[in-house]
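Protein chains in written order, with my numbering: chain A, 4 to 113; chain B, 3 to 207; chain C, 622 to 1071; chain D, 2 to 177; chain E, 342 to 742. We treat Cβ as the ideally placed atom computed from N, Cα and C, and that holds for glycine.
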Amino acid sequence: MIGISPVSVSHYLLVGAVLFVTGAVCMATKRNALGVLMGVELVLNGANLNFVAFGSKYLRAESLGLDGQLIALFVIVLAAAEAAVALAIALNFYNNHATIDVDQANELKG
Amino acid sequence: MLLAAFDWHALFFTFFALLTCGFAVAVLFSNNIVHMAFYLILSLGASAGLFFLAGAEFVGAMQLMIYVGGTLVLLIFGVMLTAQSRFISMETRSGEWVMAIIVGGSLLFLLATAALRVEDWRSGHPNPAKVGLAESKTTTQIGMGFTGVRVDKLDPDVVGSPLVPGMSGYLLPFVIVSVHLLVVLVGAAYMARTKRRATSTGAAA
Amino acid sequence: MAEFFHTTCHLPAPLAYLLAAIIACVLIIHVVAVGALIFIWLERKVSGRIQDRLGPTRVGGAFGWLQTLADGIKLIAKEDITPKDADAMLFKLAPYVGFAASYCAYIALPFSDGWVAQHMNTAVFFILAVLGIEVFSPILAGYSSGSKWSLFGAMREAAQVVSYEVPLGMCVVVPCMICGTLNLVTIGNMQAGSFTNWLAFNDPFTFIIACVYFTCATASVNRAPFDLAEAESELVAGFHTEYSGLRWSFFFMAEYGSMFLVSGLAAILFFGGWHGPIPIAEPIAGVLVVVVEPLVNIGRYLLGFIARDIGKVTDGAVAIQIANLMGCLNFLLKGTIGVTVMMWVRWTLPRLRIDQVMTTCLKYCVPIAAFGFVGALFWQVFEVPTLNDLPSPIGINRSVAHESWVVEADREREIRAQAVTPSPADLPGESVGSFDSAAVDSLVMKGGAR
Amino acid sequence: MSGQNLVERLSKRFGGKITGSNLDAIDPWIEVAPGGIAEVCEYLRDDAELRLNLLNCISGVDYFEADPKKAAKAGWEPHMEVVYHLSSTFNKHTLVLKVMLPRWKDDVEGELPEVQSVAGVFSTANWHEREVFDLCGVRFMGHPNLRRILCPEDWVGYPLRKDYEMPLEYHGIRGR
Amino acid sequence: MATQVDDARIIEFDVRTDEMLVNMGPQHPSTHGVLRLVLRTDGEIVSEVEPHIGYLHRCAEKIGENLTPRQWIPYTDRMDYLAGMNMNLGWSLCVEKLIEHELPEKAKHLRVIIAEMGRLASHLVGMGAYGLDLGTFSPFLYAFRERERILDLFEEACGARLTYSYLTPGGATADLPNGWLQKCEAFLDQFEPVIQEYHALLTTNAIFIKRTANIGVMSGEMAVDYGCTGPVLRGSGVDYDLRRDGEDRYTELYDGYAFEVIVQRDGHYPKDHDYPAVPKETVLGDCWHRFYVRMLEVVQAIDLVRQAIDRYSTASGDWGVPIKLTHKLPKGEVYLETEAPRGQMGFYLVSDGSSIPWRVRARSSCFCNLSVTSELCRGCLIADVPAIVGSLDIVMGEIDR
């Protein structure tokens, strides 16, 4: 890659894909509620990378422009909000059930 | 001179991309929740590096500040609050692993194919050297964009600066997100609020 | 610097960058490591004087100035202990996380006009962000030590730093708002002239903001009275209870590094950066350049063998660099004064309690910062006269610069039009609102490097 | 109130639980039966006239002489005394109470003599009684937490007893 | 599943955290020696504190059963090693009470000088160390700077700086050297204005008040119940000072001296000096008041030493020749308490008629003061534990004996 072909959007997309997939697998396999939360963060970050890549003027002559960055910022902010809520849920769950294992959260009545 | 032809962008991209992916995979395969959090920090930090490389300085700094400095501290705080020895390592069942790897592998394959499919995406900038450093100076434009004014969409060559066609400002989403954040904060504070139990003497007996 | 190597010494662009990067790295690590050495010595002397004693007097001569070095040698020789219950990987990594963050933040900190490792458009933001990462060091250290005291320290640190980032951010936004940029070099240069141009004296609100900033900065770098994470009378030594030897000293290097960093940031944002209270640097430099003329000539002659264009460096450029050097010293002095004030506070006040620290943040710092922010905002919007409007012998008038951002943008466009082959299609977006002339100058060359 | 009056008053109220007194000593003292010390203390504390609200000290004294020759001259039978020093922060007067105990309960060696605890009357007695238990070997009945306080939990013997012998070895540390 | 853990002790919590047992000490910076506090904490909140003592136990009482009273004097030094002179005094008076020894006039004033200087030295450490507990280092060193000068004076008088063995049954080992009184007065003149500095750094410092006001509040009844004495008792508003209310043998030393017991009466402290005002946030019996009483006692001690110096220079008699090393003790038992800097130091002496006591017992003030810790620290924050323990001003040598 080095010196042969310039870094392109595809490269960024590949990294984004890896982040997305690891995040998704993380969400599926982790039993710890916070582990699942980390998976979500990875997924969001993968998506963010795509937005920024499409918006970058260094990677493509015809870029998405500033919109990519703006959307990425929204994603970051929403991820923060989501983390706060998820953490609150996790802690609440932990308080009520004395465990953090999501597999134990199989009752709806709480 | 070989050195002159050296593509620093590619080198740093490879470096940060490997860090990002490597630590993301480490998050996946680690069983210790604290280690997972640590790897996540590194992964997200390295992806901030990728943002910087892509010319999104503001987003990169934002990623470091809000994501790494804020959200992850919150997350680690949660980890520490709930980190009793029996929760630090929770093994994933092997059956789940197999399923997850199969599904994840196919998803990755799909995404990778899609990413490499489009010719326009695969070829880099025809002449990146022409793109000035000023392209990364997007702070003001982002700020204006949030308030609904798209200075980057002004046509510089026309006197009077009409907007070029495309998406316009983000004022409404910005306000919605602000309200959303407020609601979330209140909600999170409500959910994790102090529980007051009846004192042991009366109720428990 | 890279520009100099490229255009004057005719090094190929990547090599010029590499050289510049290496030089910047080496210089910064000296600021952090040697700075820590000096500041620890200073802390001892200052605390000694405050406490009516001498402090170190023996090692290295009259003022015990080698004391820290001796301590450093002792620390290196000390046994590096990892407790049995510790999470070995994180335990070993934690000190470096803090040190790396503290070090990284210096990348964006200018020491004088243009004397900055990486010219960053979002420098203020970047420094705050990286400083925020430093918090992981105590958290991980405290968590991984396997000691309850360390865990307490880590929890306190996490709660404290996350809370104090809020008022800190609010305070930092005010100078950025007045100057209209996040670029530290620009912010610094906008305070040129006499001390009346310093942003702290811009209006009463900015002065309040400067005070709040310093309080919050003290809290965010964990200095007394906010040093709860390592409160020795409560938590033994907090998060670094279990550390010894070199690893332990890394925490200290990080602490003193970030102390100088936040003081330096305060100096740039509020107290004129590298500009002295009276604008005499440039006239003095003009005189000095005549004095050092023979030296400059010898330098030209010697270096001429390496780079033939060195002779083209004008006296004016040399004078500017001399002025910059004086500015750098000025800046270091201001930063050191800030650090000394932190020491003074530390050796005077008792420590707050954790709930009081949070109360101070949420009930005092945040509202005061918000009030100051709104006040400064109104001051700007209604164009209330500031000290900056006083006739100043030298230096730019900020308000003129502030209103002329479109003009600046036009200037930038012109420069770019001359430098890069004009191609309107390649220039869809302009760097509107940036007045960073130095960056614009370097743009020519960097644009070519890509 | 003179000493004689006080003794009479206490005798009248507590009858047989006041077993004696010595009003000629430098610090005059009243002897109380082991089972009555708590009520007596409570009375002394709450009585409007006396208000002996401060328990200064509880001391255990072991009267025992191993040497038979000296023991003959000593003028007392081997016994154990627990001495209570009381004073009043209101009236600024003091009082000494004593409880006489056998050295061992029912003269069985190793069985600690027993006395009623006053920890319920004076909170400070909690630690003082623990100390007397620890060092002199007196069991305080009704004490909430009668454990050794100065010596380690696994210490053997009661150091302030006259027949105490320092152990030869404690957890690998030489004793003698 | 869904194990509902209901612990009756937890009545309020943010997040279910495991109760942690934390050992504060015996090697902890703010436990004043080798005190071990076992804290049961829920997050930062301390639900229970249990002091474990005895790490410095030497069984001085057993040693006392094998030595004559004068030989035991050095062991009293090592009890409250920060106020050795006052320990000497307590034991000497106790022995004198048994042998019914009367002191010459001059010896009494000498004892007042020495005892009050000892109180000064001790309170200086208490004050400085309390600053240290709250995280400020400088007042500690200021306090030691002054204390050093007191120790210089003591060294001149008896040759020792920490374990004096100066006051002995019968009087003192030697008279004060020539010129000592002048030096002492010079020290007092220099020291008195310096106290304002301590008030500025600690007593009236806003953070200090925040950390100490309304923390560890102890009512007068509770203080008496737990046998707390000295500044701890008077900080709770109980008007009791043995220098005024003690036994005749002790109070006669202070006969004719003008001093008021430092205690808050009718909402204010004695108004004989220019003290800083009591802040509104404080509650009688909290850490701040305990500290404040100590600070006022420093001023008072200066005043008392001044008076004693005047009287000493005109008094009749000698400094009091010590009794013989093997002085035969009459049969009997005595108990005597004195007002040591940290509270009432009592000695109980049982004699069988020989020159060696049958039983020696030391009633330690800090022992009783410390026993109140678990009560005071219940429900406070971790940071308050050093603040509360520090305000009791304990010395482990005296507690463990």
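Going by Cα to Cα distance, which pick from E/L423, E/R700 and E/E678 is closest to E/R585?
-> Checked all of E/L423, E/R700 and E/E678; the closest Cα to E/R585 is E/E678.
Return the CA-CA distance between E/V640 and E/A724, expressed in angstroms with no decimal places.
-> Going from the Cα of E/V640 to the Cα of E/A724 covers about 29 Å.
Between the stretch 800 to 810 of chain C and the stretch 837 to 850 of chain C, do three or more beta carbon pairs fall short of 8 Å?
-> A contact between stretches requires three or more CB pairs, one per stretch, nearer than 8 Å, and the stretch 800 to 810 of chain C fails this requirement with the stretch 837 to 850 of chain C.
Measuring CA to CA, which of E/L378, E/V436 and E/E385 is closest to E/R700?
-> It is E/V436 whose Cα lies nearest to the Cα of E/R700.
Give, in chain order, every residue of the stretch 667 to 684 of chain C whose Cβ lies closer than 9 Å to some Cβ of chain E.
-> From the stretch 667 to 684 of chain C, only S668, I671, Q672, D673 and R674 have a Cβ closer than 9 Å to chain E.
Flag this pair as touching only if the stretch 972 to 986 of chain C and the stretch 540 to 559 of chain E have three or more C-beta atom pairs under 8 Å; answer yes or no.
-> In short, these stretches touch, since the Cβ pair count reaches three.
Beta-carbon separation (whole angstroms), E/G738 vs E/R460, contact threshold 8 Å | Taking C-beta atoms under 8 Å as the contact rule, E/G738 and E/R460 fail to qualify, at a distance of about 17 Å.
Every unbroken beta strand (DSSP E) inside the stretch 921 to 1005 of chain C [3 residues or more] = Counting only runs of 3 or more, we get nothing.
Count the other C-beta atoms from every protein chain shown that fall within 10 angstroms of the C-beta of D/A49, then say buried if there are 16 or more, exposed otherwise.
-> D/A49 should be labelled exposed.
So what's B/G72 in DSSP terms, helix, strand or just coil?
-> Residue state for B/G72 is assigned as helix, using DSSP reduced to three classes.
Kindly confirm or deny that the stretch 947 to 959 of chain C and the stretch 521 to 535 of chain E touch, where touching means at least three C-beta pairs closer than 8 Å.
-> Contact between the stretch 947 to 959 of chain C and the stretch 521 to 535 of chain E is absent: fewer than three C-beta pairs spanning the two stretches fall below 8 Å.
Step through the CB atoms of chain C and report whether any lies within less than 8 Å of the CB of E/T714.
-> Cβ-Cβ to chain C under 8 Å: no for E/T714.
Same chain, Cβ closer than 7 Å to C/T1042, five either side skipped, listed in chain order | For C/T1042, the predicted structure reports a pLDDT of 40, less than 50, and the residue's modelled location is therefore unreliable. The matter cannot be settled from this model.
Between the stretch 770 to 801 of chain C and chain B, which residues of the former have CB atoms less than 9 Å from a CB of the latter, in chain order?
-> For the stretch 770 to 801 of chain C, the beta-carbon criterion of a distance under 9 Å to any beta-carbon of chain B is satisfied by L772, A775, M776, A779, A780, V782, V783, E786, G790 and G801.
Excluding the 5 residues preceding and the 5 following B/F18 in the sequence, name in chain order all residues of the same chain whose CB lies nearer than 6 Å to its CB.
-> Correct list, in chain order: A48, G51 and L52.
At least one CB of chain E closer than 8 Å to the CB of D/H86: is that the case?
-> D/H86 counts as touching chain E.
C/V756 to E/R635 span [Cα, whole Å] | Put simply, the backbone Cα of C/V756 is about 41 Å away from that of E/R635.
Which two residues bound the contiguous beta strand (DSSP E) that contains E/M361?
-> M361 to M365 is the extent of the beta strand (DSSP E) around E/M361.
My guess is that B/M82 and C/A775 are in contact by the Cβ rule of under 8 Å, so how many angstroms apart are they, rounded?
-> Right, the Cβ-Cβ distance comes to about 7 Å (below 8 Å), so this counts as a contact.
Excluding sequence positions up to five away, which residues of its chain have a Cβ less than 8 Å from the Cβ of E/C709?
-> Cβ-Cβ distances below 8 Å link E/C709 to Y567, G568, C569, T570 and G684 in the same chain, with the five nearest sequence neighbours on each side left out; the list follows chain order.
Tell me where the alpha helix (DSSP H) around E/Q641 begins and ends.
-> Per DSSP, E/Q641 is one residue of the alpha helix (DSSP H) stretching across C628 to T655.
Does the Cβ of B/Q143 have 16 or more other Cβ atoms within 10 Å, making it buried, or fewer, making it exposed?
-> B/Q143 is buried by the Cβ-count criterion.
For chain B, find out if any of its Cβ atoms is closer than 8 Å to the Cβ of C/V842; answer yes or no.
-> Chain B, which has no Cβ nearer than 8 Å to the Cβ of C/V842, makes this no.
Label E/Q537 either buried or exposed according to how many other C-beta atoms from any shown protein chain fall within 10 Å of its C-beta, with 16 as the threshold for buried.
-> Note on E/Q537: under 16 other CB atoms within 10 angstroms of its CB, so exposed under the neighbour-count rule.
Inter-stretch contact at 8 Å, needing at least 3 Cβ pairs: the stretch 103 to 110 of chain D / the stretch 70 to 82 of chain D | As far as the Cβ criterion goes, the stretch 103 to 110 of chain D touches the stretch 70 to 82 of chain D, which means the pair count is three or higher.
What did DSSP end up calling D/F141 once you bin it into helix, strand or coil?
-> In the structure shown, D/F141 sits in a strand (DSSP, three-state: E or B).
Other residues of its chain near C/R868: CB distance less than 6 Å, five sequence neighbours each side excluded = Short of 6 Å from the beta carbon of C/R868, and not among the five residues preceding or following it, lie these beta carbons of its own chain, in chain order: P716.
Sequence-distant residues of the same chain with beta carbon closer than 7 Å to E/T344, five excluded per side = Confidence at E/T344 is low in this model, with a pLDDT of 37, below 50, so its placement is unreliable and the value that follows should be read with caution. Here E/T344 has no same chain residue with a Cβ atom under 7 Å from its own Cβ, once five neighbours each way along the sequence are excluded.
Using a Cβ-Cβ cut-off of 8 Å, state whether E/R704 counts as contacting chain D.
-> Chain D contact via Cβ: present.
Is the distance from the Cβ of E/K524 to the Cβ of E/A656 below 8 Å?
-> No, the pair does not count as a contact, with Cβ atoms beyond the cut-off.
What residues match up with D/M81 in a beta bridge as DSSP calls it?
-> Bridge partners of D/M81: D/D63 and D/L102.
Validate contact between the stretch 42 to 58 of chain D and the stretch 109 to 129 of chain D using beta carbons, cut 8 Å, 3 pairs = The stretch 42 to 58 of chain D vs the stretch 109 to 129 of chain D: in contact.
Could you tell me which residues DSSP puts in a beta bridge with D/C58?
-> Partner(s): D/H86.
Skipping 5 residues on each side, what residues in its chain have a beta carbon closer than 8 Å to that of B/L77?
-> Within the same chain, B/L77 has close Cβ partners A39 and L42.
Does the count of Cβ pairs from the stretch 603 to 618 of chain E and the stretch 500 to 518 of chain E closer than 8 Å reach three?
-> Between the stretch 603 to 618 of chain E and the stretch 500 to 518 of chain E, the count of C-beta pairs closer than 8 Å stays below three; the two stretches do not touch.
Taking Cβ-Cβ distances shorter than 8 Å, what residues in chain F pair up with C/P971?
-> Considering every chain present, this structure includes no chain F. Its protein chains are A, B, C, D and E.
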